[in-house]
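1 is the number of the first residue of the sequence shown in full-length UniProt numbering; add one for each residue after it.
What follows is one structure encoded as structure tokens, with my remarks underneath.
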Amino acid sequence: MAELTAAQHELATLIVESLNLEAVDPAKINPDAPLFDGELGLDSIDALEIALAVSKRYGFQLRSDHPDNKRIFASLRELSAFVEAHRGQG
1 MAELTAAQHE LATLIVESLN LEAVDPAKIN PDAPLFDGEL GLDSIDALEI ALAVSKRYGF
61 QLRSDHPDNK RIFASLRELS AFVEAHRGQG
């Protein structure tokens, strides 16, 4: 499993905290594993919760109608890269 970058670990912690995934250690989330239909067992409602948490923490909206959502939410690595590219761009 790949080591998490600081940005990925911060985002993994945000996901774990916002979804109350008490049994999940953010440091052990595989950055390349699928966020949905994978070991975390996340669903579309969780995606909305993640989007809200990202909006509050990083100051920009993850829109439900974004054409690249499937790619953006594919893995922690993809989501983190998108967040890093857009944070602070309210």
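All C-beta atoms, glycine included, are put in the ideal place defined by N, C-alpha and C.
This one's a predicted model, so the numbers in the text were calculated from it and none came from an experiment.
{"Check": "Where residue 8 falls, given that 16 or more other Cβ within 10 Å makes a residue buried", "Outcome": "buried"}
{"Check": "Candidates 79, 3, 67, 87: closest to residue 15 by CA position", "Outcome": "79"}
{"Check": "Closest by C-alpha distance to residue 29, when choosing among 65, 2, 59, 62", "Outcome": "2"}
{"Check": "Whole runs of the alpha helix (DSSP H) within the UniProt domain \"Carrier\" (5-87), excluding any shorter than 4 residues", "Outcome": "6-18, 44-58, 69-72, 76-86"}
{"Check": "From 23, 36, 39, 83, residue whose alpha carbon lies closest to that of residue 55", "Outcome": "83"}
{"Check": "CA-to-CA distance, residue 26 to residue 69, given in whole angstroms", "Outcome": "22 Å"}
{"Check": "Inter-residue spacing [alpha-carbon to alpha-carbon] between residue 33 and residue 73", "Outcome": "11 Å"}
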